[in-house]
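Below you'll find the structure, written out as structure tokens, and then a few comments.
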Amino acid sequence: NELYMEQMAEIFRYSLQIHYNWVPVICSQCLILGSHKIDFLYETLTEHDMHAPDLYLQPLDNITDQYEFFHDYRRNSSAIHLCKKDGDDNDEPDPFASDTTTQEQSPGVLMIIEVEDIPLDLANVEAVQEAIIKAATSTGGLTKPNAMHYQVPKGDDDDNDNNGSSIATTILSIHFGEAYLVARLYPTLKYVALDLHFWSSFEKQDPTKKAIVEGAFGIGMSSKSSSSYRIVAGGRFGVPTWKDDEKSRGPRVTDTCRTDEDDETNNGQGDDKTQKVDVSMFHAALEETLKEIPLQEYTAAVICGGNHEAECTTMEVLTDTDAVGRVLPLVPCADIDDSSNDYQEGILEKMMSCEREVFKMLMQSIRTDDGSRIRLLVIDPTASRTFVRVVYKILQAKSNRFLFTRRMYAISAMFTNDDDDTSWRRHLMERLRRDVILDDPLYRVEVLFNGTTTSDDASSSSSSMEIDLLVSGDEHFVNGLVNTVSRIEERTGLISDVRKVVGGLFWEDPEWESEYFFLPEDYDQHGPLEQYMSQQPVAYQTVFQLEPKPPSGRTARVPSLPSFTTDALQKAVRGALVTSGVVEVVENNNIDDDDEAEEDGTDGIVFHVESSMGDGCTINALFPGGNCVLLWDGRKHVDLNLFTYEESEELANEFEKAFRRQVLPARLATSLRDVQPRGYGRAVNFRADLEKEGEERTKPHWAKFK
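Under full-length UniProt numbering, the sequence shown has 655 at position 655, and the numbering climbs by one with no breaks.
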């Protein structure tokens, strides 16, 4: 579990950490969620149709407490840098984007597309090529198509004319002004393995995919017959649309900035009201909070201000409440008053003497049975910081834990018009959470109640009141919190703002045994087994991303940009394919080159080269064992997209090493590497993971049924 709640809270307006207990094997699971729109505390849950029962998470109809997994919650009202100012046009440039006249970056996006069960006759290569180009240009909006197709030569031992084999019969290579496309056609399998690599006009990628899958191949996007995913890779410098690409690249800021005033209006309260916030509001909030606390047999302690109980107004609220069994006032010692501070002469001795006096009083008032222990601690608005520190010192001592119950509540309030700094009340509640009551279930809550005042009333009332709550031992507290806050709003007319819910420390049970433990046969394995057995990997694809090696050592210099040329890179690709063993020397091949295909009669490699779309170049090397696309951005970044019918990690590694040797003296290093199987039957595994060579595939160990 990675606990990064605070980092998420700095980014998102609403953040939530949920904690699943009693998870098999790992004991517990934490998940952190973030959103700018969804307030997790008030959003209605949605029943998602998963087409299969979930043994751990119950259906929505069976859930009585939608907050039972809540552990932490934050609302960050200052996260306005991720929103759009009111009145801004979505078409305007991003105000946070750099305004530059020089292109500094040139990213690209490679989309891997698998299309199965194609009704189109894939053996008619000319028709397939025409359909793809028409869909990509007329519907997808791509420009300047430059196409060729490579007929894969039939080997001497291939007597079935590629019927049902794992070798594509034809590879289409199409260069556009914005992207390159490679399509490997498997007519007998009704399957096409597509690569669609964009370096500009990225907004056209999804429409192009949809146009090809639906328009050219006749497959519905909702069908299971097509799937795709993306890999962030390199692009091309110098394309005409690079400025527009920088503006549109990445997530767009579409939400209008909200303010606290917007939230108040959305709550539907305080529209034309003038509402004062004073001590009476705290008393009302306290009364509503007590309704959630079963206190009949327990003691409520009140830390008072002044030197008499009569000055402690909270006492009246607790005394008049039937839920409270007993009220214990903690009145400041004679030597400590509201004016006491840490810098007074002899204050330490006075505080120690007061601590002994208060502890003696507590010992006389509290017995060892649960009925007299403190369950509720209330810090009266008149309480002084110095005296509260005395009481905290008593509660902090481990030897004094018998004074309060394990299931304890603490409540405090502060007002914005207080002359002195009352933030110490917030710090006190946090210290109680960290030092006195530690383990889950434990929650500390900060709730701000906002009101509106006229200028004439500003001297006598506050514009807001913060209620701090500390609750332990109540697993369903968050549900009660939402209800309590709603009742306080209705009673006082104030606007609530739950800013923070902080959970306690995760605790470890040395004798823990999983309450829920499910075996594979407890789940419906028919669907997973069907998908597992249907997988037919036919190729091995590796995408290498290479850049100059970073400097190392004290005397290292920043490497200069490699002086590549299109011819040199084409030669390097050919040399790497041959020396690594990816390509074997052949004497004949069957080539139908429409445009810029070049043939070498000794190694059978055919090149389709494009170098007119901006800086750099795109080189597609086609050979009997697959193809390799090199994309150079015109400066320092090189992508190698190697697609081979032979599933061999060793072969891919040898090709990478061979290419790096071919481009010397340029010292390139692989910065990123993506490896994936290609195939039909919803293939996600390599063949080596599914079956041993020469053996039939068997059912996996998890395929068990009752």
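In this text, a Cβ means the ideal position worked out from N, Cα and C, and glycines have one as well.
Only a predicted model underlies this, so the values are computations on that prediction, with no experimental measurement involved.
Around Ala383, the same chain offers Ile303, Cys304 and Gly305 as residues with beta carbons nearer than 7 Å, after the five sequence neighbours per side are excluded. Cβ contact annotation for Leu519 (same chain, cutoff 8 Å, sequence separation greater than five): Lys704, in chain order.
In this structure, Val582 is the residue among Val582, Ala621, Phe415 and Gly616 with its C-alpha nearest to the C-alpha of Lys657. Look at His427 here: in three-state DSSP terms it is helix. Around the beta carbon of Thr386, a 10 Å sphere encloses 16 or more other beta carbons of the protein chains shown; the residue is thus reported as buried. In the structure shown, Pro153 adopts coil according to DSSP, grouped into three states. Per DSSP, the unbroken beta strand (DSSP E) holding Met465 starts and ends at Ser464 to Ser472. Here Gln105 is exposed: its Cβ has fewer than 16 other Cβ atoms, across all protein chains shown, within 10 Å. A residue is called buried when at least 16 other Cβ atoms come within 10 angstroms of its Cβ; Trp632 meets this threshold and is buried. A direct Cα-Cα distance of roughly 9 Å separates Leu668 from Lys636.
Here the segment 530 to 544 does not lie against the segment 41 to 50, with fewer than 3 beta-carbon pairs under 8 Å apart. CA-to-CA, the gap between Ala410 and Asp524 works out to about 48 Å. In the three-state DSSP reduction, Glu68 falls in the coil class, being neither helix nor strand. According to DSSP, Leu622 shares a beta bridge with Val606 and Asn627. Distance from the CA of Ser580 to the CA of Leu55, rounded to the nearest whole angstrom, comes to 50 Å.
By the C-beta density criterion, Leu60 is exposed, having fewer than 16 other C-beta atoms within 10 angstroms. Annotation: Val498 to Ser28 spans about 26 Å, alpha carbon to alpha carbon. The C-beta distance from Ala310 to Leu328 rounds to 16 Å, too long to meet the 8 Å contact threshold.
With respect to Glu610, His175 sits close: the two C-beta atoms are nearer than 7 Å. For His19, the beta-bridge partners assigned by DSSP are Cys30. Closest in alpha carbon position to His427, among Arg444, Asp439 and Val125, is Arg444. By the C-beta criterion, the segment 147 to 155 is judged not to be in contact with the segment 219 to 234, since fewer than 3 inter-stretch pairs fall below 8 Å. Contact check for Glu287 against Arg487 fails: the beta carbons are separated by 7 Å or more. Here Phe70 really is in contact with Val478; their C-beta atoms are around 5 Å apart, less than 8 Å. For the pair Glu649 and Val182, the Cα-to-Cα distance works out to about 22 Å. Burial of Gln17 is indicated by the presence of at least 16 other C-beta atoms within 10 angstroms of its C-beta.
Scanning its chain for C-beta atoms nearer than 6 Å, with the 5 sequence neighbours on each side dropped, one finds around Ala285 the residues Ile467 and Ile488, in chain order. In the DSSP annotation of this structure, the continuous segment of the beta strand (DSSP E) that includes Leu330 starts and ends at Arg326 to Leu330. Residue state for Val543 is assigned as strand, using DSSP reduced to three classes.
Spanning the alpha carbons of Ser200 and Gln103 requires a straight line of approximately 13 Å. Going by beta carbons, Leu505 and Asp439 fall inside the 7 Å limit. In this structure the segment 202 to 213 does not lie against the segment 615 to 632, because fewer than three pairs of beta carbons, one per stretch, are closer than 8 Å.
CA-to-CA, the gap between Ser35 and Tyr67 works out to about 17 Å. Per DSSP, reduced to three states, the secondary structure at Asn400 is helical. Sorting Val128, Leu122, Asp278 and Val629 by C-alpha distance to the C-alpha of Asn450 places Asp278 at the top. Taking C-beta separations shorter than 8 Å and ignoring five residues to either side along the sequence, the partners of Ile336 in its chain run Lys350, Met351, Cys354, Ser384, Thr386, Phe387 and Val390, following chain order.
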